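Engineer: Numbering follows our numbering, with no gaps: position 19 of the sequence shown is 136.
Heads up, the beta-carbon is just placed ideally off N, CA and C, and yes, glycines get one too.
As the structure is a prediction and not an experimental result, all values here were calculated from the model.
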Amino acid sequence: MSTMRNSVLLIGKPKFNPIMNSEEHKASFKLVVPDGSTGCSYTFDCVAMDKVAQKVVQQVKEGRRVAIDGSLRNYDYSDPTGYTHTHTEIVVCDIFLIDMKG
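1. Taking the DSSP output, what are the residues bridged to ALA184?
2. If you follow the alpha helix (DSSP H) that ASP167 is part of, which residue opens it and which one closes it?
3. Could you check how far apart the C-beta atoms of ILE212 and ILE128 are, in whole angstroms? I think they sit under 8 angstroms.
4. For ILE207, count the other beta carbons within 10 Å of its own beta carbon; 16 or more makes it buried, fewer makes it exposed. Which is it?
5. Using only the alpha-carbon positions, how far apart do LEU148 and THR160 sit?
So, in structure tokens, the structure goes:
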């Protein structure tokens, strides 16, 4: 493997309608992805920027299945007690509607 890429491809359903932060040109939502082998599901925090954020807000609705192409991003933050947390989110590069109806 001479070239490695931080890439995530997921199919799931948004847990709630995307929230747009117009100052940052950013939309965020949670994506629930079922694991067919265990019957469990995983919830991922997703964020989209600029034109992709606009597409997300206009087209994505809670419960409608979507496919996302993105990458993982980690960041650290400290809570008021001084404890450091690491948060992982998916930065959405593109999103595709699979279910046209809810």
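Structural biologist: Judging by the given coordinates:
1. Per DSSP, ILE128 and PHE213.
2. 167 to 176
3. Between ILE128 and ILE212 the Cβ distance is about 11 angstroms, and since that is not below 8 angstroms, they are no contact.
4. buried
5. Using only the alpha carbons, I get a separation of about 5 angstroms.
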